[in-house]
Amino acid sequence: MNLNEKALLYRAQAGDRRAAGTLFESYYQEIYTYIFYRVSDTFTAEILTAVVFIRMLNRLPTYIDQGKSILSWLYTIARKLVIDYYRTQDGSDQPSLKEHLLGINQRRQEEPGQSQDPLDSFQRAMRRLNEQQKHVIILRLVEGRSVQDIAELINKSEGTVRSLQGRALRSLGKAVEKEKVL
Amino acid sequence: MNRHRFDLILEDCLSRIDRGESIQDVLDSYPALNGHLEPLVQAALMGRRLPKPVPSEDGFRTGKNMLLAEMNNMQRANGFRQKAKVPAPSRLTERWLGSLVKLFQVKRTTGLTPVYRFVVIGLVLVLMGGFLTVNASASSLPGDVLYDLKLGLEQTQVFFTFDPEARQDLMLAIEEERLAEVEILLAAGRQEEVEFGGVIEQKFESTWIIKGISVQVDPVTELDGDLEIGSEVDVFAITMEDGTLQASDISAEVDASDEDEKVKEDKVKEDKIKDDKEEKEDKDDKEDEEDKEEKEDKDKDK
Numbered sequence: 328m329n330l331n332e333k334a335l336l337y338r339a340q341a342g343d344r345r346a347a348g349t350l351f352e353s354y355y356q357e358i359y360t361y362i363f364y365r366v367s368d369t370f371t372a373e374i375l376t377a378v379v380f381i382r383m384l385n386r387l388p389t390y391i392d393q394g395k396s397i398l399s400w401l402y403t404i405a406r407k408l409v410i411d412y413y414r415t416q417d418g419s420d421q422p423s424l425k426e427h428l429l430g431i432n433q434r435r436q437e438e439p440g441q442s443q444d445p446l447d448s449f450q451r452a453m454r455r456l457n458e459q460q461k462h463v464i465i466l467r468l469v470e471g472r473s474v475q476d477i478a479e480l481i482n483k484s485e486g487t488v489r490s491l492q493g494r495a496l497r498s499l500g501k502a503v504e505k506e507k508v509l
Numbered sequence: 003m004n005r006h007r008f009d010l011i012l013e014d015c016l017s018r019i020d021r022g023e024s025i026q027d028v029l030d031s032y033p034a035l036n037g038h039l040e041p042l043v044q045a046a047l048m049g050r051r052l053p054k055p056v057p058s059e060d061g062f063r064t065g066k067n068m069l070l071a072e073m074n075n076m077q078r079a080n081g082f083r084q085k086a087k088v089p090a091p092s093r094l095t096e097r098w099l100g101s102l103v104k105l106f107q108v109k110r111t112t113g114l115t116p117v118y119r120f121v122v123i124g125l126v127l128v129l130m131g132g133f134l135t136v137n138a139s140a141s142s143l144p145g146d147v148l149y150d151l152k153l154g155l156e157q158t159q160v161f162f163t164f165d166p167e168a169r170q171d172l173m174l175a176i177e178e179e180r181l182a183e184v185e186i187l188l189a190a191g192r193q194e195e196v197e198f199g200g201v202i203e204q205k206f207e208s209t210w211i212i213k214g215i216s217v218q219v220d221p222v223t224e225l226d227g228d229l230e231i232g233s234e235v236d237v238f239a240i241t242m243e244d245g246t247l248q249a250s251d252i253s254a255e256v257d258a259s260d261e262d263e264k265v266k267e268d269k270v271k272e273d274k275i276k277d278d279k280e281e282k283e284d285k286d287d288k289e290d291e292e293d294k295e296e297k298e299d300k301d302k303d304k
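Order-wise, the sequence lines are chains A and B. Just so you know, we're using the working numbering here: the first sequence kicks off at 328 and counts up by one. Just so you know, we're using the working numbering here: the second sequence kicks off at 3 and counts up by one.
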């Protein structure tokens, strides 16, 4: 974590609204991209992204800097939140988030969805990847980050990242080939 | 071939494509694996075409409002820390380096100026392969044992940056670093002396906003030069335990070009005075000579 990040975090920790707003603006796109590819829905992704930052805020008073980047911390929160979200979808014990989302979904207006046509088969195959493989593919291919960068963000070794990438691409490659045959 | 090696080769292919090499050239460098690599590389290229989703403005605004509303709730419930936890530097390497820094500070046997002493320390550490310990100083703050080392390393970096544009960027980054340090110390409620530069943005009776930071100015604060809104100033201040920043000295920065101009003007004035003096001396000499000649003529006549 560089000093500017630290300064922002400490200010937000002390209750500075401007610092919290800057944190939100700085990392919104990355967290939104990750969640969008996990839930495949613009509106749900927007709400869950906001909830990630609220969870961050709730944890700030007890947060202790261990030298990891803020983005890495936010990804951890986002990953756990998406798991919670899917649990609530299955009817398990997380009624608050489910109700929250259902309530908002009822007020949801029709939005022009993002076109997924040219990459439909690829995206279908993406859904079959496990959570870590999917995260690596999003960071490596959609965000264009390096293996070293990803290793730092998801707290894994570079070897593990390469291996996750390899397995994910084998699976995606097979799906794309199959689609070509059909 | 084991999977680990294959993953390395796959990553090499993707990195080279990122750098602009053609897919065919990349695949041709691994002819034996061509059949295995191609579908994977094609899948990666397909993945590159995945759109980066763009959140709606409404979603962004609503999210930010939700966050700020939660912040209000927490403030009402007094859920924020008054002082942030700043980890104290306690590692052995830091203490060891701190002693080295102090040695240079106290004995000053080198006869070098402070900046160059730290340039030397920086070079010694780099030559010793002390990158890890050098990194340890990067997050140090004013008052920490490694802080002087950090300043020295910054100067070393500036010293060895010859490209004017890169040097300018580096100087700006260093300025930002000073501000970030001040903000951390304020958030942590640590009392330390700090120094930073910036533009005066607002001036209220006893509070000035300098580069986004509130600075307390009292009758004891020494003020020097043109200190209007918009002026570039250097600030010496103390971060107080209650999170305020008390200025001890605020002085207007002297523009280098203005200074050059002044030096030139002074030189012209000096030259003129010198010329006038020489002219006067010449004139006096001439008059003296004429008087002498006149006197000699008179003597002759006599």
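Every residue, glycine too, gets a C-beta built ideally from N, C-alpha and C.
CB contact below 7 Å: residue i versus chain A
i: Gly308(B); result: For chain B, the structure presents residues 3 to 304; residue 308(B) sits outside this window and is missing.
i: Asp171(B); result: no
i: Lys54(B); result: yes
i: Gly199(B); result: no
i: Arg18(B); result: no
i: Gly145(B); result: no
i: Met73(B); result: yes
i: Asp244(B); result: no
i: Glu13(B); result: yes
i: Arg50(B); result: yes
i: Ala46(B); result: yes
i: Asp9(B); result: yes
i: Pro57(B); result: yes
CB-CB length for residue i against residue j, believed under 8 Å
i: Gln193(B); j: Thr241(B); result: 6 Å
i: Leu247(B); j: Ala254(B); result: 19 Å between Cβ atoms; not a contact.
i: Arg320(A); j: Glu13(B); result: Because residue 320(A) is not part of the residues shown, which for chain A are 328 to 509, the question remains open.
i: Glu397(A); j: Thr376(A); result: Correcting the residue identity first, residue 397(A) is Ile in this sequence and not Glu. Not a contact, Cβ separation roughly 15 Å.
i: Tyr402(A); j: Leu491(A); result: So it is not a contact: roughly 14 Å between Cβ atoms.
i: Ala405(A); j: Ile464(A); result: Ala405(A) to Ile464(A), Cβ: 16 Å. No contact.
i: Gly65(B); j: Phe449(A); result: Gly65(B) to Phe449(A), Cβ: 28 Å. No contact.
CB contact flag (residue i, residue j, <7 Å)
i: Val469(A); j: Glu485(A); result: no
i: Ala341(A); j: Ala71(B); result: no
i: Glu178(B); j: Val201(B); result: no
i: Tyr390(A); j: Ile186(B); result: no
i: Ala346(A); j: Ala182(B); result: no
i: Ala46(B); j: Leu496(A); result: yes
i: Glu521(A); j: Pro57(B); result: Since the first residue of chain A shown is 328 and the last is 509, residue 521(A) is not available in this structure.
i: Val546(A); j: Arg365(A); result: Nothing about residue 546(A) can be read from this structure; chain A reaches only from 328 to 509.
i: Val358(B); j: Phe198(B); result: Outside the shown range of chain B (3 to 304) lies residue 358(B), about which nothing can therefore be said.
i: Lys205(B); j: Ile231(B); result: yes
Neighbour flag for residue i against chain B, beta carbons, 7 Å
i: Asn432(A); result: Low confidence applies here, because Asn432(A) scores a pLDDT of 46, under 50, leaving its location unreliable; read the following figure in that light. With 7 Å as the cut-off, Asn432(A) does not count as an interface residue toward chain B.
i: Leu499(A); result: yes
i: Arg489(A); result: yes
i: Ala341(A); result: yes
i: Leu496(A); result: yes
i: Ser484(A); result: no
i: Val366(A); result: no
i: Lys395(A); result: no
i: Tyr359(A); result: yes
i: Tyr412(A); result: no
i: Lys513(A); result: Residue 513(A) falls outside the range modelled here, since chain A spans only 328 to 509, and no answer is possible.
i: Leu408(A); result: no
i: Tyr402(A); result: no
i: Val379(A); result: no
Any non-hydrogen atom of the ligand PLP within 6 Å of residue i CB
i: Ile25(B); result: Summarising the ligand content, the structure contains no ligands, and the ligand PLP is consequently not present.
Item checked: Cβ-based contacts, 9 Å cut-off: residues of the segment 460-479 of chain A near chain B -> So the close ones are Ile464, Ile465, Arg467, Leu468, Val469, Glu470, Gly471, Ser473, Val474.
Item checked: Inside the segment 450-497 of chain A only - alpha helix (DSSP H) runs reaching at least 4 residues -> Annotation note: the segment 450-497 of chain A contains the following uninterrupted alpha helix (DSSP H) runs of length 4 or greater, listed N- to C-terminal: 458-464, 474-480.
Next item on the list: Please specify which runs of the beta strand (DSSP E), each continuous and at least 3 residues long, are wholly inside the segment 51-77 of chain B, giving them in chain order.
Entry: Assignment of beta strand (DSSP E) within the segment 51-77 of chain B, counting only whole runs of 3 or more residues, yields no such run.
Note to self: So if I threshold CB-CB distances at 7 Å, which residues from the segment 197-223 of chain B count as touching chain A?
What the structure shows: From the segment 197-223 of chain B, no residue has a Cβ closer than 7 Å to chain A.
Next item on the list: Please name the residues in the segment 171-193 of chain B whose beta-carbon is closer than 7 Å to at least one beta-carbon of chain A, in chain order.
Entry: Hits within the stretch, in order: Glu178, Glu179, Ala182, Glu183, Glu185, Ile186, Ala189, Ala190.
Item checked: Contained alpha helix (DSSP H) runs [length at least 4] in the segment 183-253 of chain B, N- to C-terminal order -> Segments of the alpha helix (DSSP H) lying fully in the segment 183-253 of chain B: there are none.
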